[in-house]
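Notes follow the structure.
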Amino acid sequence: MAEPVQLQRMEPAIDVSEVRFRYSASGPEVLHDVSLRVEQGEYVALIGQNGGGKTTLAKHFNGLLKPVAGVVRTMGVDTRGPSVAELARTVGYVYQNPDHQIFAQKVRTEVAFGPHNLKLPPEEAARRVDEALELVGLREYADEFAFSLGRGLRQKLAVASVLAMSPPVLVVDEPTTGLDLQGSRNILDLLGRWNADGRTIIVITHDLALVAERVPRTVVISGGRIIADGATSTVLSEADLLGKAFLRPPQVTRVAQRLQKFGIASDVMTVAQLRAQLRLALGE
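With our numbering, the residue at position 81 of the sequence shown is 1015, and numbering never jumps.
Spelled out as structure tokens, the structure:
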């Protein structure tokens, strides 16, 4: 297991201030005066409909995109200054499709690219590669052809290639796309363990059920604006608010809200919570 990262608490992990963005000078504005603060060590979900701006916003965190107005600071550093390669030391970005990220033939070579690019001593680079492969459960696949792995394993490989650079902030775009329920849980278990070690995790996802189970804070983005930001149990129980982003509360939450007249809380997020509420209502 990786040693916990020692972080300074003076600066937020991500500090977005009144950011506006458009993809071309004459194109429409995609982000409108967005402000967001993510503290070091937080675990946050960005949710919203396709085209709402959540991935566009996230790509500002490591300098893949630069604001046309406003400022983005990562661990106190204005992202308009350093290169993307320099910012990759601080913010790791895992793309939605692992095949857009993986390029090396062998699994070990793929994971080793980042540490070598950071010009780490060979012994340190090898240690990080082995550790990252161990963390995601790919140690036995180290010498396999990367593109022969299944979708779930390629997703883990993409995560491992970022973990090997040991950034204090990790952005993961749709980590459960194309995975079955167990594969989704495995990825989120991994992210949870990394967050427990002190890293900041930002997940972009449509899977509200898994957000409800795992992620403490949720930010809703619609039309290039943040329309909600708060505790997941509060945000995901607000059907009218979510409707503005063309989303619905998780199914178990909707069931609980239909049962409010029987004393069931409206902000139930998981099946286990609903079961406990029902037992209480039935006097068991």
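We put the beta carbon where it would ideally sit given N, CA and C, even for glycine.
DSSP bridge partner residues for residue i (one or two, in chain order)
i     : result
L965  : F955
R1151 : V978 and A1165
I1121 : In DSSP, I1121 forms no bridge with anything.
L1142 : BP columns for L1142 are empty, so no partner.
L970  : V950
Y1027 : V1105
CA-to-CA distance, residue j to residue i, given in whole angstroms
i     : j     : result
N1120 : V1186 : 21 Å
Q1211 : V1202 : 9 Å
L970  : V950  : 5 Å
V978  : Q1039 : 33 Å
A1098 : F1081 : 19 Å
E1078 : R1042 : 8 Å
A1199 : G1086 : 35 Å
S1017 : L1115 : 37 Å
L1176 : V1169 : 8 Å
R954  : L980  : 18 Å
Residue i - DSSP class collapsed to helix/strand/coil
i     : result
A947  : coil
F1081 : helix
A936  : Low per-residue confidence applies at A936: pLDDT is 49, beneath 50, and the placement is therefore not dependable enough to give any value.
G913  : Nothing in the structure corresponds to residue 913, since the chain is present only between 935 and 1218.
I1227 : With the chain covering 935 to 1218 only, the question about residue 1227 has no answer from this structure.
G1157 : coil
V1103 : strand
G1015 : coil
Nearest residue (CA-CA) to residue i, options the options
i     : options                       : result
R1088 : Q1116, D1033 and V1063        : D1033
T1024 : F1037, V1041, I1136 and M1009 : M1009
L1067 : S1156, L1091, G986 and V1205  : L1091
V1045 : Q1116, N1031, G1158 and D1064 : D1064
Q974  : H1050, Q983 and V1103         : V1103
I1036 : L1052, D1141 and L1083        : L1083
Any chain C beta carbon closer than 7 Å to residue i
i     : result
V1202 : Within the model displayed, chain C is absent; a lone protein chain is all it includes.
Original post:
Between the stretch 989-1005 and the stretch 1101-1113, do at least 3 Cβ pairs fall closer than 8 Å?
Top reply: yes
**OP:** For the stretch 1155-1164 and the stretch 1115-1135, state whether three or more C-beta atom pairs, one from each stretch, are separated by less than 8 Å.
**Re:** no
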